[in-house]
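Position one of the sequence shown corresponds to residue 1 (the UniProt record's numbering), numbered consecutively onward. All C-beta atoms, glycine included, are put in the ideal place defined by N, C-alpha and C.
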Amino acid sequence: MLHGWLDNAASFTPLMEVMRSQHPDIQLISLDLPGHGYSSHSRSGYYPFHDYIDSLHQVITELKKELHCPLTLLGHSMGALIASCYSAAFPENIDHLIQIEGYGPISESPQNSLERLRKGVLSRQRVSKKPARFFESFQEMVQLRAKRYVLNADEITPLVERDSEQTEQGWRWRHDKKLKAESLYRMTEAHAKQVIDALPKSNLLILGDAGFTHLSSICSPTTRISHIKGGHHCHLTCPRSISEAIIALILFG
Numbered sequence: 001m002l003h004g005w006l007d008n009a010a011s012f013t014p015l016m017e018v019m020r021s022q023h024p025d026i027q028l029i030s031l032d033l034p035g036h037g038y039s040s041h042s043r044s045g046y047y048p049f050h051d052y053i054d055s056l057h058q059v060i061t062e063l064k065k066e067l068h069c070p071l072t073l074l075g076h077s078m079g080a081l082i083a084s085c086y087s088a089a090f091p092e093n094i095d096h097l098i099q100i101e102g103y104g105p106i107s108e109s110p111q112n113s114l115e116r117l118r119k120g121v122l123s124r125q126r127v128s129k130k131p132a133r134f135f136e137s138f139q140e141m142v143q144l145r146a147k148r149y150v151l152n153a154d155e156i157t158p159l160v161e162r163d164s165e166q167t168e169q170g171w172r173w174r175h176d177k178k179l180k181a182e183s184l185y186r187m188t189e190a191h192a193k194q195v196i197d198a199l200p201k202s203n204l205l206i207l208g209d210a211g212f213t214h215l216s217s218i219c220s221p222t223t224r225i226s227h228i229k230g231g232h233h234c235h236l237t238c239p240r241s242i243s244e245a246i247i248a249l250i251l252f253g
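See below:
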């Protein structure tokens, strides 16, 4: 399971609890992507999108040495984009693909390449100069993130717990601030189409009815779409509905 930008492995805690209660023998793994949660920060400095795919391949290569069973890859938001690209590039490793509130890679016109490059470089300068932010309490961080994600405190607390630490100066975020730097490069529409066309036949897009509903318009004909009550983080608010959709895909294709 691959979480979204600035989230972490705890993003899937409610979903994993529901799935394990329904299917006790199921094997579930949720990752902290580089720079997020308890994962280390990048030694090279920043987080190009394609490097996440490389990191994922290293993990899956090791997993396949130990697990001799079909592998389902699930991602939310940015994690869904990573999952789609990996599944397209390494179809032999993935049996089922589930994307929550994300579909295929983000793309833009090649005419925007110079502007993208300029904005990305300048954003790195801004981020590097921005001082660390400290909070007086853990609860202050919970309330800030709950407001931003439009979730209640109980729903967001596990993510904040995994992304916060207390220091002598106060509470601070654990994630690498350089994650907030903009990308220097994005795929073209043609590149994105090639990825979408190569997705596994067994693939599911889950959308919150108050989330990124526009994604249904760019789907491949082979993609099954499931609409769930909730917003962009519907996997936190409606884990049971999402669990049922996932199990249906795995069992019936």
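So for residue i, helix, strand or coil by DSSP?
i      : result
Asn93  : helix
Ser109 : coil
Arg240 : helix
Arg118 : helix
Ser164 : strand
Arg172 : strand
Phe138 : helix
Considering only DSSP beta bridges, list what residue i is partnered with.
i      : result
Asn203 : Leu97, Thr223
Gly208 : Ile228
Kindly give me the distance between the Cβ atoms of residue i and residue j, rounded to whole angstroms, as I take these residues to be in contact under 8 Å.
i      : j      : result
His41  : Asp176 : 4 Å
Arg174 : Arg133 : Their Cβ separation, rounded to whole angstroms, is 12 Å, which puts Arg174 and Arg133 out of contact at 8 Å.
Ile247 : His96  : With a Cβ gap of about 11 Å, Ile247 and His96 do not count as contacting.
Ile206 : Ile98  : 7 Å
Pro105 : Ser84  : 7 Å
Ala153 : Gln143 : 7 Å
Ala88  : Leu199 : 6 Å
Ile225 : Ser217 : With a Cβ gap of about 10 Å, Ile225 and Ser217 do not count as contacting.
Glu101 : His3   : Not a contact, Cβ separation roughly 11 Å.
Glu161 : Ala10  : 7 Å
Quick check: the Cα distance between residue i and residue j, rounded to an integer number of angstroms?
i           : j      : result
Gln58       : Asp51  : 11 Å
Arg43       : Leu179 : 13 Å
Ala245      : Glu168 : 45 Å
Ser39       : Arg148 : 23 Å
Arg20       : Thr188 : 39 Å
Gly170      : Glu136 : 6 Å
Gly120      : Ala192 : 20 Å
Ala210      : Asp7   : 19 Å
Ser55       : Phe12  : 19 Å
residue 258 : Met1   : Outside the modelled stretch of the chain, which goes from 1 to 253, sits residue 258, for which no answer is possible.
Arg124      : Phe252 : 46 Å
Asn203      : Thr223 : 5 Å
Glu140      : Thr237 : 21 Å
Gly45       : Pro34  : 11 Å
Glu17       : Pro239 : 9 Å
Gln194      : Pro91  : 13 Å
Val127      : Phe138 : 23 Å
Pro221      : Gly37  : 36 Å
Pro158      : Phe49  : 25 Å
Lys229      : Leu117 : 38 Å
Cys69       : Ile94  : 10 Å
Gly75       : Ile82  : 7 Å
Tyr86       : Pro14  : 25 Å
Ile196      : Tyr185 : 19 Å
Cys234      : Gly208 : 6 Å
Gly114      : Glu182 : Position check: residue 114 holds Leu in this sequence, whereas Gly was assumed. Their backbone Cα atoms lie some 13 Å apart in a straight line.
Val150      : Ile53  : 29 Å
Leu31       : Leu67  : 16 Å
Phe212      : His227 : 10 Å
Glu108      : Asp25  : 42 Å
Gly79       : Leu71  : 16 Å
Tyr103      : Cys219 : 8 Å
Ile242      : Pro110 : 36 Å
Thr61       : Ala190 : 29 Å
Leu249      : Trp5   : 25 Å
Gln27       : Leu73  : 12 Å
Residue i CB to nearest chain B CB: under 8 Å?
i      : result
His175 : Here chain B cannot be found, since the structure has a single protein chain.
Practice item. For the UniProt domain "AB hydrolase-1" (1-106), list the beta strand (DSSP E) runs that are entirely contained and at least 3 residues long, ordered along the chain. Key: 72-76, 96-100
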